[in-house]
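Participant: Chains as they are written, first to last, in the UniProt record's numbering: chain Z, 1 to 667; chain H, 1 to 667; chain F, 1 to 667.
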Amino acid sequence: MKKLLFGVAYYDEYMPCDRLNEDVKMMKEAAVNVVRIAESTWSSVEPQNGVFDFKHIDRVIDVMEEAKISVIIGTPTYAIPTWLVKECPSVLAVTKKGQGIYGARQNMDITNPTYLFYAERIIRKIMERVSKRKCVIGFQLDNETKHYDTSGVNVQLSFIKYLRNKFPNINDLNDEFGLSYWSNRINSWEDFPNVLGTINGSLGAEFEKFQRTLVNKFLSWQADIVNEYKKENQFVTQNFDFEWRGYSFGVQPKVNHFEAAKCLTIAGVDIYHPTQDLLTGSEISFGGDMTRSLKSDNYLVLETQAQGFEDWLPYDGQLRLQAFSHIASGANSVMYWHWHSIHNSFETYWKGLLSHDFKENPTYNEAKIIGYEFNKFGDKLVSLQKKNDVAILVSNEALTAIEWFSMTLDFNYNDVVRWMYDELYKMNVGCDFINSDSCNIEKYKLIMVPALYCVPDNLLERLNTYVENGGNMVVTFKSAFTNENVKVSYNDQPNIINKCLGITYNQFTKPNNVYLKGHDFNVSIEDNKVSHWMELLKPTTAETIAYYDHPNWGGYSAITKNSYGTGTATYIGCFTSKAVLKEVLIGVLKDSNQFGQEQEYNFPIIIKSGYNLENKKVVYYFNYSAQKQTIKYMHNEGTELTKNKTIIKGEEVLLEPWNLIIVEENI
Amino acid sequence: MKKLLFGVAYYDEYMPCDRLNEDVKMMKEAAVNVVRIAESTWSSVEPQNGVFDFKHIDRVIDVMEEAKISVIIGTPTYAIPTWLVKECPSVLAVTKKGQGIYGARQNMDITNPTYLFYAERIIRKIMERVSKRKCVIGFQLDNETKHYDTSGVNVQLSFIKYLRNKFPNINDLNDEFGLSYWSNRINSWEDFPNVLGTINGSLGAEFEKFQRTLVNKFLSWQADIVNEYKKENQFVTQNFDFEWRGYSFGVQPKVNHFEAAKCLTIAGVDIYHPTQDLLTGSEISFGGDMTRSLKSDNYLVLETQAQGFEDWLPYDGQLRLQAFSHIASGANSVMYWHWHSIHNSFETYWKGLLSHDFKENPTYNEAKIIGYEFNKFGDKLVSLQKKNDVAILVSNEALTAIEWFSMTLDFNYNDVVRWMYDELYKMNVGCDFINSDSCNIEKYKLIMVPALYCVPDNLLERLNTYVENGGNMVVTFKSAFTNENVKVSYNDQPNIINKCLGITYNQFTKPNNVYLKGHDFNVSIEDNKVSHWMELLKPTTAETIAYYDHPNWGGYSAITKNSYGTGTATYIGCFTSKAVLKEVLIGVLKDSNQFGQEQEYNFPIIIKSGYNLENKKVVYYFNYSAQKQTIKYMHNEGTELTKNKTIIKGEEVLLEPWNLIIVEENI
Amino acid sequence: MKKLLFGVAYYDEYMPCDRLNEDVKMMKEAAVNVVRIAESTWSSVEPQNGVFDFKHIDRVIDVMEEAKISVIIGTPTYAIPTWLVKECPSVLAVTKKGQGIYGARQNMDITNPTYLFYAERIIRKIMERVSKRKCVIGFQLDNETKHYDTSGVNVQLSFIKYLRNKFPNINDLNDEFGLSYWSNRINSWEDFPNVLGTINGSLGAEFEKFQRTLVNKFLSWQADIVNEYKKENQFVTQNFDFEWRGYSFGVQPKVNHFEAAKCLTIAGVDIYHPTQDLLTGSEISFGGDMTRSLKSDNYLVLETQAQGFEDWLPYDGQLRLQAFSHIASGANSVMYWHWHSIHNSFETYWKGLLSHDFKENPTYNEAKIIGYEFNKFGDKLVSLQKKNDVAILVSNEALTAIEWFSMTLDFNYNDVVRWMYDELYKMNVGCDFINSDSCNIEKYKLIMVPALYCVPDNLLERLNTYVENGGNMVVTFKSAFTNENVKVSYNDQPNIINKCLGITYNQFTKPNNVYLKGHDFNVSIEDNKVSHWMELLKPTTAETIAYYDHPNWGGYSAITKNSYGTGTATYIGCFTSKAVLKEVLIGVLKDSNQFGQEQEYNFPIIIKSGYNLENKKVVYYFNYSAQKQTIKYMHNEGTELTKNKTIIKGEEVLLEPWNLIIVEENI
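#1: Taking any Cβ of chain H, which residues in the region 181-192 of chain F have a Cβ under 8 Å from it, in chain order?
#2: Whose C-alpha, out of Phe286/H, Trp337/H, Glu526/H, His532/H, is nearest the C-alpha of Leu353/H?
#3: Step through the CB atoms of chain H and report whether any lies within less than 8 Å of the CB of Gly197/F.
#4: Please report the distance separating the alpha-carbon of residue 693/F from that of Val71/F.
#5: Please look up how many angstroms separate the CB atoms of Ile225/Z and Glu120/Z, rounded, as I've assumed it's under 8 Å.
#6: Check the DSSP bridge columns for Asp241/H and list the partner residues they point to.
#7: Please classify Val153/Z as buried or exposed, where buried requires at least 16 other C-beta atoms within 10 Å of its C-beta.
#8: Rounded to the nearest angstrom, how far is the Cβ of Val91/H from that of Ile101/H, given a contact under 8 Å?
#9: Kindly indicate the opening and closing residues of the beta strand (DSSP E) around Asp549/Z.
#10: Do Asn49/F and Phe6/F have their CB atoms nearer than 8 Å?
#11: Taking buried to mean at least 16 other C-beta atoms within 10 Å of its own C-beta, is Phe405/Z buried or exposed?
#12: For Phe210/F, tell me which candidate among Glu243/F, Val467/F, Gln99/F, Ile160/F has the shortest Cα-Cα distance.
#13: Starting from Ile80/F, find everything on chain Z with Cβ-Cβ shorter than 7 Å and list it in chain order.
#14: Just by C-beta distance, which residues in the region 510-521 of chain F are closer than 8 Å to chain H?
#15: The beta strand (DSSP E) that contains Glu347/Z, what's its start and end?
#16: Give the range of the alpha helix (DSSP H) segment to which Lys517/H is assigned.
#17: Can you name the start and end residues of the beta strand (DSSP E) that Tyr564/H belongs to?
#18: Under a three-way DSSP split, which group does residue 668/F fall into?
#19: Tell me the DSSP secondary structure of Leu613/H in three-state form.
#20: Please report the distance separating the alpha-carbon of Ile525/Z from that of Asp549/Z.
#21: Go ahead and pull the three-state DSSP assignment for Asp432/F.
#22: Quick one, are the C-beta atoms of Leu179/F and Asn200/F less than 8 Å apart?
#23: Taking Cβ positions only, does Pro646/H come closer than 8 Å to chain F?
#24: Determine contact between the region 529-547 of chain H and the region 488-507 of chain H, defined as no fewer than three beta-carbon pairs at a distance below 8 Å.
#25: Which residues in the same chain have their Cβ closer than 7 Å to the Cβ of Leu460/F, if we skip the five residues on either side of it in sequence?
#26: Thinking just about the alpha-carbon of each residue, which of Tyr611/Z, Asn169/Z, Thr145/Z is nearest to the one in Ala328/Z?
#27: Could you tell me the alpha carbon to alpha carbon distance between Ala451/H and Lys134/H, rounded to whole angstroms?
#28: If I follow the unbroken alpha helix (DSSP H) through Glu461/F, where does it start and stop?
#29: Short of 7 Å Cβ to Cβ, which residues in the region 82-110 of chain Z face chain H?
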């Protein structure tokens, strides 16, 4: 991509009056150069079974084309029309709660052939209509696709066939999943019970893994249809989203993003996050690093908040700070959901760039500045290449398995992932994400392994080898505890990688009034406390970084570090405070030569960099606070782009609240 | 009505032994002059389909008649007999939870023809039996009637017909309700989906509005039957109840009381409230003002607590204080639920005047004092006429719509209503309630408009005119935001009345650490904080009473006041503390000449007044506290009725804890 | 029984590899002498309908027999195989939530004939196979049997027949249960409604009582089958469990243990409890006293925790302290659930003596010490006879009824029971439990009656006589309020026993800011507060121990004591602090000559005693704390068994943290 996309989702269908020309005028004033349309609007495009009406799509494309605004077409399949459900109620997914009821989006069974039949027809009809239009630059398949817990009879039958393929001998299934427990054995495939009632974590987690594969199949199927029509230079993307905690939080439980992204030409994402005093940039960075890693390439931010919802109305400067933060992570677009605020229905308070009155407002006015700047020097920022030496190894399977065994952990997998990610973010350590299928694990100097609860033996062997060959690794509690079938290892814990870690343990507990001792971290007493989980580590070859401070557990190690081959492996056996984690990570970064001048600055000063299309280094300094910050510019001489001024190494720079500088180095 | 009714609900059917004569003896000792019977007892009166047994009704009427105690007959239709459900299970309402199950009351579909057939028959049978009896003074239709969320196929079909009548062109429905959103369009009436699944707030709120009309129809239908039998001087009433928060709190979501009251000859109500240290009288006043306003007339308190439930056992004096508080609001009756405490089933701990042992107890003994006083000077208190210059405009539609959009407001409509009402109550400002259909809006000097979220344009125009012509108005945040179809206005906000208010806004947020500034209220820092909601007001012609105190929002107004025509319009753009609201209201009251000597006293001294049948002014001074209070009597010379002593203006009066004086002015 | 059993549950079926010989070796090292097998494993023993496979049972028995380890066989009926549910889905219980779904244990209808048919066949097959084996010492019927809320059509039909038998005249049912209320009358048996919807507490509680009888029938039926096969010296037991609050808390709501135990030769139980800093021994004592009381005999601890779950990993010394605590309460066994930690499924973190790695660990190593000591001097501890003069009267019916009327009490029956039990425990007062059918009530010197809410008249008369004849009794609030049909008495409260108590009341409330006054207890202000419930007591002949301290209720008594005949009856009319209760109990204990030297010590010093098979007194001193404790040995000269040393009266003894001494008196 050669220019930054700056845009909005636009719904002509939802307008209470004809706004199209006025809207385009206001878009042009904000230098908006792309709109996403058609997603969610099946019932407008096909008001009755087989009756098609392209008026909204046509007129928007016509006007945009004339205005030189690009268009991304979303297939409308994630929200189904009333006539479809009335004619064929079985398209609604059956879940633990029974069969769904019409109303919400994302309530269908994505494997239902009736749904697929009609979905295919509407996709083809739209593609026929739009794919040759000049302004159409790409396609978004469906939207925020997940499996929606679909688990009706048809899905369960497919699951049984899938299992039979995996375990031709049913006894292997029983043994591997431990189904003898509580008389759950399935001694004949015909006896397979309704999987929704299972209490067996291996079986339950396998079903969820199977459900994730349905998303891959569904998206590939859509991609194949779209590919029949699309022109070479048009992209195909998906709008991935994350574990939702009122905002984009962590690894998505219901999709394996790495797998699902394979059928796309470019990954896309939506990122929503707290703002006002709670704006940190960490979700923007997390979501960006994750999405960039899916295809090891730039990605599209297809949705992010404008005025958002409840208390997300941005302070002055925040919208712009956010926009450049996306670009600094490798995004090639910033697109708001959405242009105008909707006057009815459900997301009425999830506000767009414009409020319900369609007039100028401070948020829209700030978008105009962003558009101006994207236009002015976006060519120096677009398609930023990142070169990170640190990677975080994530796993949908670990996430799911820890949900199944959450009784032992009152917080979940993503709490551990974000605990680790956020400390790296705050120290300006750029990182990529990898998963168990990544082929490029070995290229990193430092790999972070949070709570990799279930994991196949071969990946653990590979990690041993990685460390042996000079890699550095930080592993947390609850890693390498079970195999890929959520069967706990009966070898020494942690399974296999106890070798590179130089520790083992066979007892653990939830800590009550347990602290750390024996380290030299400069942390408060409260920060010295451990919580949620602790493993009673016994080093074999490792040295102890911290012991537990407790009358009964004082002899056990809590954090250890081991030299193995030419690498090092650090183990954190308990959930510590952020302050302690930071100290541990500083040690590891220093040991692995990853602690540089950028780490001298910390959040709220955030530094990001990469290489632009001319292979020049571009460096961002962000001030994520309401206070002015003075920093010393530490990179090579270059041009500060927002002011178009030369800046030299060592120069003092004043960063205004919620503001930033961007430097393109001269060499 | 010429005398105060003092009474109880009486259930001969529930007695564990024959108590009738002994009970009547104890009632007479307490000067009880009315009992309400038959309500809830269908299964006793019609033990089998078509088999009738009037023994309990007959014997109670016989004995009451002889004892000169009046009787109110309740139709027994709100609790259905076992045989009816066994014969016709479909009489149980279908709701979001599926079809109901027998056991609780109020579980039937009030539109089901089988239910209506049997209900009509039992009503007619009872009316035939009792309507000509001398002691029977009136009839209560059903009890606490609501729509019970009935929404089975039959109800939804009626709803579709109702909608088709409202929107003959289905595209108007789609446009007005914004059904294009998330592909919810209904392009043909046959496609109408199960409304219980809808996520469309316009459609959902309309369905609830439709459900409320079912209550009106049901009660009118009962009234028509009862009217066929009743004598001229017998009244027809209903026992309305309120939004329930463990006690009677606010506007009832499931009934439009104004509409439902039209078929009655007198409105009735039940009012339950906290007591002991938490007794304030505000629920008595709120419920009374509301019920009096329904027909702009006196009303019946058909149920209130005796010993009540859990921690409602009254302190000495409280029962009497409460009784006169009802009368001071315009009630013509005080009736306890109920005479005796029930020995089995469900409301065993919702205790009556008598405990389970049927013996005298302090609560019953206090009732004897009340009865004695009602008897002695009740003729001077009965049928009190209230003349209020202040009215509060309430709306079931706003309540429902705010429930649909509660994601933006973690408290609901009634929190705003009560926030406003309670401050007026505490300042001794008498008020009426009006609704959007009230024809008498213009007679008030001051109208309060809490959170009138959805409202038709013509009412807003009318409010503009009202202010222009000299009226005064206080409007809060979240008013005039949508039209009657819960479609957000795309005009300047607040829709239409921005004209009289002299402000507009197009951004809002949930406030975090936002305070007020720029006013001269004498309030604490904590009381200066705003919460839950804030709109960023920009005055056009209004003056600013308070600005937001916040780094980013400091330029916006929070509370404004505008002169418009010969009236004034005040806008409160955020949820403030009670203390700030009080200061704002004092200003408005002073400006509109509503701030008099009675406002010099505040809660716990509560002053109420009205005009009796001789058109003499009657004034109550209540002490709602456990402390003695000395006040200066400020009204005209008259007779203090409880002591039957002359009292003169300026006289110092000592009010004992939880006590009162009542003065009939001489002139 | 002549020797202590020390053992584990053992599941060869769940093993991820062949561990049998290695496990037996490790068991022998820990002096384990019994394993419990086969429970839960139906799907392994009968992999298909009518196909049997005894390999796991056979091989375990073979190896255990050779190792001289005894075996208890559990019938496998509490967890049903997949094929059974696939063939006959109706075996799953129908409850309020609808029909169950396969997966969890304890989900079947224990009255379903299909289930009973297959259950009988598998029991007979197993009994044929194992009952003559030398090492098999007894049988456990099912496991933690309860009624699982089964309430399908068949169960409800049985219930109607049961009710018709109890009330041949349906009007008696209506009168006794108060069904006229809310039109719930059942005027013909055919009209009987679905009992799951009832709001009538009498009907609802009766149904739960009926459901408890199903457990008795089911266990008797199993016992009859097992008895056909068992040898004379083999025992039959059940593994009872308690109200579960994350650990064993109180009286089991879903089984009447006294009734259910009648078909057993010895009672069995599982006891789980907090540990680490929260270990108090009170659950061990409570569960032990209860289970010993069922048959007035020794009992088996069939399950207790090893490493347990979440934060139950024991500190050094705790496992041993717990083991001897069980024995000191009269247990003849300590058996861990379970030997090894399970590698899959659901209870993966409910860890056994061995962790998942099967290696030695501190918990297993402590078990070795226990096994060694049981072996060395267990013959002096086994079959301990307890002679208590204090009993607590408990009632399933009161528990259920208080659940139905919990709106008046935000804590339940067991909170009152444990409040009372725990204070006795902490004062080293040994006690038994009795129920309303106990024939030995009169043998106790002091009877505690917590919240005996519903109770037949004849038991109350019996208690009057008991006190009259010199018995001492402590009764709490909410006792004798209703009869056995949960019909509130209309006599003076408390019903009938107001005679021996010398008090009455007819008003009560939930207390807000109410304290006690008029007593001479040395307690803090906070401890003087009452909560949850208070009755306004009026003494007739009783003296007042404490009054309420409150402006309105200050004239009422809160705690009273009455002399009646030659006994005394104390009434506690409110929920007090533990400190106040302790003071009251000390007074009662002193008055009834139950306050001896053992009461001079308090928790964490716990003293237990009994008589061994040689009729010598055995005394335990436990230190339930992390601090060393010095005590003065107060019993007769004897041998301290753990050190095998003579100890004399008055000798100072140092108790290490979480440690104990055991003395067998010489005479």
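For glycine and all other residues, C-beta sits at the position ideal for the given N, C-alpha and C.
Facilitator: If we stick to the structure as given:
#1: Tyr181, Trp182, Ser183, Asn184, Arg185, Ile186, Asn187, Ser188, Glu190, Asp191, Phe192
#2: Trp337/H
#3: yes
#4: Outside the shown range of chain F, which is 1 to 667, sits residue 693/F, and nothing can be said about it.
#5: 6 Å
#6: None; Asp241/H has no bridge partner.
#7: exposed
#8: 12 Å between Cβ atoms; not a contact.
#9: 543-549
#10: no
#11: buried
#12: Ile160/F
#13: Ser183
#14: Lys510, Pro511, Asn512, Asn513
#15: Counting along the chain, Glu347/Z falls outside any beta strand (DSSP E), and DSSP gives it neither H nor E.
#16: Here Lys517/H belongs to no alpha helix (DSSP H); instead the beta strand (DSSP E) covers 515-517.
#17: 557-564
#18: Summary: the structure shown does not reach residue 668/F, with chain F confined to residues 1 through 667, and so no result is reported for it.
#19: coil
#20: 11 Å
#21: strand
#22: yes
#23: Pro is not the amino acid found at residue 646/H; the sequence shown has Thr there. Answer no: the Cβ-Cβ gap between Thr646/H and chain F never drops below 8 Å.
#24: yes
#25: Ala480, Asn495, Ile496, Ile497
#26: Tyr611/Z
#27: 48 Å
#28: 457-468
#29: Thr82, Trp83, Val85, Lys86, Ile101, Tyr102, Gly103, Ala104, Arg105
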